[in-house]
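Colleague:
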Amino acid sequence: MEQQEYDEISLKELIMALWKERRIVIGFTITMFLLAAIYSYFIASPSYETKSVLMIKAPTEEGTRYGTYQFPSRNASDYLQYFYNNDLLEKVIKENELETTPESFKNSIVLEQEEESNRFSVVVTNEDPAMGQKINQDLINRFIIDQRILYKKNAINSFILNYEISIDNLKNSIDTQESLAKSTKELLDTLEPIYTLQKSLFNDPEAAAAYAKNNNLDLSTLYQNLMTEEYSNGNYLKIETQHLDIQTTLISLRESLDNKLEFYDELIAERELLAISVGTENEQSILNNRLDVFNDKIFVISEAYLPEKPVGPRKALNMAIGLVLGVMLGVFAGLFKNYWKTT
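Start counting the sequence shown at 1; every next residue gets the next number (our numbering).
(1) What beta strand (DSSP E) runs, 3 residues minimum, are completely inside the stretch 47-76?
(2) Which stretch, first to last residue, makes up the alpha helix (DSSP H) that contains F143?
(3) Compare the C-alpha of L180 against each of F143, I165, R119 and D245 and name the closest.
(4) I need the DSSP call for I288, collapsed to helix, strand or coil.
(5) Could you tell me the distance, in whole angstroms, from the CA atom of T249 to the CA atom of S173?
(6) What first and last residue would you give for the alpha helix (DSSP H) that runs through Q81?
(7) Can you tell me the Cα-Cα spacing of E13 and A333, whole angstroms?
(8) Is it buried or exposed for I268, if we count other Cβ within 10 angstroms and need 16 for buried?
(9) Assuming L88 contacts R142 under a Cβ cut-off of 8 Å, what Cβ separation, rounded to an integer in Å, is found between them?
(10) Considering just the uninterrupted stretch of the alpha helix (DSSP H) at N86, what are its terminal residues?
(11) In angstroms, rounded to a whole number, what distance separates the CA positions of S47 and Q133?
(12) Confirm, please, whether the CB-CB distance from I160 to R65 is below 8 Å.
(13) Hey, out of I30, F120, Y151 and Y236, whose CA is closest to N184's CA?
(14) Does the separation of the CB atoms of P72 and E90 fall below 8 Å?
(15) Straight-line CA distance for A275 to I149?
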């Protein structure tokens, strides 16, 4: 009972203290409210939002005349993070002559991705609606160009590495086959394709009888006559077949090597063109449909529009915050003053 009375007295004293210092509370409240209003209406610059809607086709692999390029990720979100890349932001800042840093510029960009969808929005906030629209468009264009160049470069380097390995393997295979061809040729040179055998006609009665009949001879007089017979050398034919197979394999390997070297030279030339063109006025010339593996992965569904109404500052919200903050400061100041007097 005594505790309840004490709590009631304490609450009553608190209310009375605030009532005595109501001018301070009201003063702080009005002051903070007016400051928030002045800031919102006269100091804070209006800000405008421009929005683009895009769709990204999650890449998996892309077939080219040099082979199939495998993309490092199938998650569309991984590619969207490049919008916050400092290199990209610096290019857009330079193109539009903005007086800001990449970190500050990054705060004016928001990516909004729809759940379970490849659609996403790029929202840019700026004090100038026309500049905001241009920045949004430049950001999208620069992102697409940079991604196409980046993955063209990755594809070229990947194929060059694969071709270097393949060319080395082909050269080793050709050396091996040439060595086998040489050894089989040397072996063939030591063999005769035909064996010639001589034997008496009497060793083959049927042949002797036919010979005597055709020449009107007495069979008994043929015992000294010899018969020549030729036989194919089976070992020679076997080695010759192996040699021909090796020559056929060599022809196929050399044709494959010539094709690989031709493609390899094209890749080297494309890489050199890429190296001298990136960062120059001719940068887009390297997007020549050769190894442009990221070309059809980004689609602009809705381009940035010119906003008419500002989205900030939020005047009502700012004044509401000022009002609440003024009440809190006024209560604190009033209680502190009352405490100072009583003690």
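Note that the Cβ used here is the ideal one computed from N, Cα and C, for glycine as well.
Computed from a predicted model, the values in this text were never measured in an experiment.
Modeller: This is what the structure gives:
(1) 48-56, 61-64 and 67-70
(2) P129 to D189
(3) D245
(4) Looking at the sequence provided, one finds Asn at residue 288 rather than Ile. If DSSP states are grouped into helix, strand and coil, N288 belongs with coil.
(5) 10 Å
(6) First-last for Q81: undefined, no H or E at that position.
(7) 16 Å
(8) exposed
(9) 6 Å
(10) N86 to N96
(11) 12 Å
(12) no
(13) At residue 184 the sequence reads Thr, which differs from the Asn that was named. Per the Cα distances, Y236.
(14) no
(15) 11 Å
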